[in-house]
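*Asks:*
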Amino acid sequence: MRHQVNRMVSSTQSQEVIKRYREGELALAEALQILSGNSAGSPDQTALVSKSKLLEYMTRMDDLVGLGEVKQTVREIFAFVYMQQKRQERHLKSEPTVLHMVFRGNPGTGKTTVARLLGEMFRECGLLAKGHLVEVERADLVGEYIGHTAQKTKEVVGKALGGVLFIDEAYSLARGGDKDFGRESIDCLVKSMEDNRNRFIAIIAGYPKEMDEFLRTNPGLPSRFPIHLTFPDYSVEELLKIARQMAENRQYRLEFTAEAKLRRRIAQLLSDGASRNFSNARWVRNTVERAIRKHAVRLFDNTQYSVEDLMTLTWADFSWEGDRL
Amino acid sequence: MRRSIVIGRTNVGKTLFCIHFARYLGSRQLNWLLETTDGKNERVTMSLASAEARLSNSTPHQTRTLQSVTVKVPRGKVDRELLLTDTTGLSEGIYPDPDIRLAMAQTLEAMVSAALILHIVDADEIGRNLGPGQKGLPARSWSELDNQLVAYGGSHDNYFLLANKIDLSAAKRGYRQLCKEFSKHRVIPVSALAGTGFREVKQHVWNLV
Chain A
2 MRHQVNRMVS
12 STQSQEVIKR
22 YREGELALAE
32 ALQILSGNSA
42 GSPDQTALVS
52 KSKLLEYMTR
62 MDDLVGLGEV
72 KQTVREIFAF
82 VYMQQKRQER
92 HLKSEPTVLH
102 MVFRGNPGTG
112 KTTVARLLGE
122 MFRECGLLAK
132 GHLVEVERAD
142 LVGEYIGHTA
152 QKTKEVVGKA
162 LGGVLFIDEA
172 YSLARGGDKD
182 FGRESIDCLV
192 KSMEDNRNRF
202 IAIIAGYPKE
212 MDEFLRTNPG
222 LPSRFPIHLT
232 FPDYSVEELL
242 KIARQMAENR
252 QYRLEFTAEA
262 KLRRRIAQLL
272 SDGASRNFSN
282 ARWVRNTVER
292 AIRKHAVRLF
302 DNTQYSVEDL
312 MTLTWADFSW
322 EGDRL
Chain B
8 MRRSIVIGRT
18 NVGKTLFCIH
28 FARYLGSRQL
38 NWLLETTDGK
48 NERVTMSLAS
58 AEARLSNSTP
68 HQTRTLQSVT
78 VKVPRGKVDR
88 ELLLTDTTGL
98 SEGIYPDPDI
108 RLAMAQTLEA
118 MVSAALILHI
128 VDADEIGRNL
138 GPGQKGLPAR
148 SWSELDNQLV
158 AYGGSHDNYF
168 LLANKIDLSA
178 AKRGYRQLCK
188 EFSKHRVIPV
198 SALAGTGFRE
208 VKQHVWNLV
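Sequence lines, in order, name chains A and B.
Just so we're aligned: 62 in this note's numbering is position 61 of the first sequence, and the numbers increase by one with no gaps anywhere.
Just so we're aligned: 134 in this note's numbering is position 127 of the second sequence, and the numbers increase by one with no gaps anywhere.
Right, here's the structure in full:
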């Protein structure tokens with residue numbers, strides 16, 4: 002047929018477009034635009050979130066021990082973000098969402114790890130341009146003289162644009178009293194959070210009690226951080242599981258004698274009043290790493306070692322001398 | 008049989024145009040071929056009067072299937088047959104009702120394969136919404152969809168813009184504005200109701216068969 006000679010869109014392509022329109026993925030005007038060959042290829046396919054990629058991150062999240070509630074909330078957030086995007090594709094209204102968060106939890110309960118993972122996941126969603134994590138503390142935000150603070154804080158926010166700004170021990174910003182520059186930093190932060198609402202995600206983290214106080218002293222703060230995640234302390238079993246996982250990741254194995262010794266020690270630490278300063282998973286990591294060093298020293302004098310020997314951590318490798326909580 | 012297709016937004020008078028145009032070409036009885044969205048074909052024969060009464064009225068999306076009428080066009084000593092296809096009105100965006108969306112997709116499909124495209128627009132509505140001295144077309148009665156249809160037509164050899172309802176008072180202004188805007192395309196003033204301008208449309212259809 003004559004009229005089909007100069008058609009720029011092949012018939013298979015037009016079938017595809019019509020199919021997409023029928024499924025409700027394209028608006029009529031868009032479909033026509035593609036059919037008439039006026040558009041540059043199929044539009045914004047690349048901007049779509051790939052569900053498989055997202056699920057991959059979810060499994061990585063699930064690999065973390067414990068943290069049931071945290072995982073649940075993260076799942077909610079991602080399902081929400083994903084669906085918002087799907088809605089947008091079909092030209093339904095989608096609200097830009099505020100995703101600033103508060104992490105409350107004792108040391109070593111996975112706050113930083115989760116924040117890092119979240120950054121990557123948000124990048125995968127297209128919610129954040131870069132998805133990197135900028136970790137700061139009071140000293141990075143608060144200046145030494147009047148006017149210095151705002152400048153420093155703005156600089157930090159500028160660095161975090163497109164990613165996640167993670168403020169550890171955020172309560173320390175409000176601790177210095179009325180004349181402290183920390184307050185100025187909070188004000189500046191709140192302001193830039195409003196201005197760049199969709200360009201970065203602020204996560205403030207700290208110990209539960211202090212964070213609660215911090216949020217109470219600044220009435221505007223809780224509402225600006227709509228998502229609150231509580232990181233509970235790990236139980237003995239969970240800590241042991243973490244230890245096993247850490248050893249496994251480094252291709253080591255815990256002999257059952259070692260495990261028993263570790264279990265006793267953890268139980269003792271948790272029941273002690275010292276648990277207030279106990280650094281949970283971080284302690285486990287340090288302990289496992291120290292055991293690996295001891296294991297190396299123990300094997301160093303041997304002349305022959307099997308693969309088994311090279312991989313197995315025994316009770317002798319775990320000692321509690323100079324053990325820092 | 009070659010297909011000529013009548014497209015346009017809802018309620019511009021596509022169906023009425025088809026019926027009256029078929030009458031103009033000499034059909035005394037309409038032999039409808041209904042192609043439903045689930046792939047069934049059905050043939051219905053009805054008189055002109057009953058077709059008008061049953062198929063055409065002012066509710067949008069009155070037509071939900073491809074309904075084609077076979078018309079005979081005298082050419083030389085023999086009559087050639089042509090399929091004049093009336094389609095579901097097209098609406099902006101992604102239509103929420105899946106049935107109608109299916110019908111619109113069917114319209115698109117037919118449009119891609121049609122030999123002649125008659126794009127009907129409501130000239131009267133355009134004329135009424137036209138501000139004095141306004142450049143371009145009024146957004147209320149001329150949407151992105153129409154623009155895209157015209158753009159699509161640009162890549163098609165046999166595409167005609169029919170400025171319908173020319174019998175109404177404001178339609179002349181609308182028609183002039185359409186001519187000004189789309190100088191590259193052939194704009195034909197017609198009245199589906201009164202039969203104005205059918206002669207010119209017939210000429211083009213004639214060229215085709």
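No residue lacks a Cβ here, since even glycine has one placed at the ideal position from N, Cα and C.
#1: So is S150 of chain B in contact with chain A if we call contact Cβ pairs under 9 Å?
#2: Can you find a CB in chain A that lies within less than 9 Å of the CB of G46 of chain B?
#3: Can you find the residues in the same chain that come closer than 8 Å, C-beta to C-beta, to R245 of chain A, ignoring five residues on each side of it along the sequence?
#4: Which whole-angstrom value describes the C-beta separation of K131 of chain A and G109 of chain A, a residue pair presumed to lie in contact below a C-beta threshold of 8 Å?
#5: Just grab the DSSP bridge partners of G15 of chain B for me.
#6: Only counting runs of 4 or more residues, tell me where the alpha helix (DSSP H) segments fall wholly within the stretch 222-248 of chain A, in order along the chain.
#7: What does L97 of chain B touch in chain A if you count any residue whose Cβ is under 9 Å from its own?
#8: Is DSSP giving F24 of chain B helix, strand or coil here?
#9: Can you name the residues of chain A whose CB is closer than 8 Å to the CB of E42 of chain B?
#10: Residue range of the alpha helix (DSSP H) that F1 of chain A falls in?
#11: Less than 9 Å between the beta carbons of G143 of chain B and N18 of chain B, yes or no?
#12: Would you please verify whether the beta carbon of R1 of chain A is less than 9 Å from any beta carbon of chain B?
#13: According to DSSP, is M8 of chain B part of a helix, a strand, or is it coil?
#14: Please tell me whether R91 of chain A has its Cβ less than 9 Å away from any Cβ of chain B.
#15: Is L144 of chain B close to chain A, meaning its C-beta is less than 9 Å from at least one C-beta of that chain?
#16: With DSSP run on the structure shown, which of helix, strand or coil describes N136 of chain B?
#17: Taking 9 Å as the threshold (beta carbon to beta carbon), is K20 of chain A in contact with chain B?
#18: Alpha carbon to alpha carbon, how far is I12 of chain B from L115 of chain B?
#19: So with Cβ pairs under 9 Å, would you call M2 of chain A a contact of chain B?
#20: With 16 as the cutoff for other CB atoms within 10 Å, does Q152 of chain A come out buried or exposed?
#21: Sort A:A206, A:S53, A:H296 by Cα distance to H229 of chain A and report the nearest one.
#22: R88 of chain A touches chain B at which residues, Cβ-Cβ below 7 Å?
*Replies:* Let me spell this out:
#1: So, interface residue.
#2: Judged by the 9 Å Cβ criterion, G46 of chain B is not in contact with chain A.
#3: Excluding positions up to five away in sequence, the list reads L255, E260.
#4: Rounded, the Cβ-Cβ distance is 27 Å, inconsistent with contact.
#5: Paired residue(s): B:I127.
#6: Whole alpha helix (DSSP H) segments, 4+ residues: 222-225.
#7: By Cβ distance, chain A contributes L29, L33.
#8: DSSP places F24 of chain B in helix when its eight states are reduced to three.
#9: Those do not exist, as E42 of chain B stays about 15 Å from chain A at its closest Cβ, beyond 8 Å.
#10: Only positions 2 to 326 of chain A appear in the structure, and residue 1 of chain A is not among them; the question remains open.
#11: Not a contact, by the Cβ cut-off of 9 Å.
#12: Look at the range of chain A in this structure, 2 to 326, and you will see that residue 1 of chain A is not part of it.
#13: Coil.
#14: For R91 of chain A, the answer is yes, since a Cβ of chain B falls inside 9 Å of its Cβ.
#15: No, L144 of chain B lies away from the interface with chain A (no Cβ there is under 9 Å from its Cβ).
#16: DSSP places N136 of chain B in helix when its eight states are reduced to three.
#17: Output row for K20 of chain A: interface = yes.
#18: Rounded to whole angstroms, I12 of chain B to L115 of chain B spans 10 Å at the Cα level.
#19: Unreliable placement is indicated for M2 of chain A, whose pLDDT of 40 sits below 50; the coordinate value is still reported in the next sentence. Cβ-Cβ to chain B under 9 Å: yes for M2 of chain A.
#20: Classification for Q152 of chain A: exposed.
#21: Out of A:A206, A:S53, A:H296, A:A206 has the C-alpha closest to the C-alpha of H229 of chain A.
#22: What R88 of chain A touches in chain B: nothing, since even the nearest Cβ is about 11 Å away.
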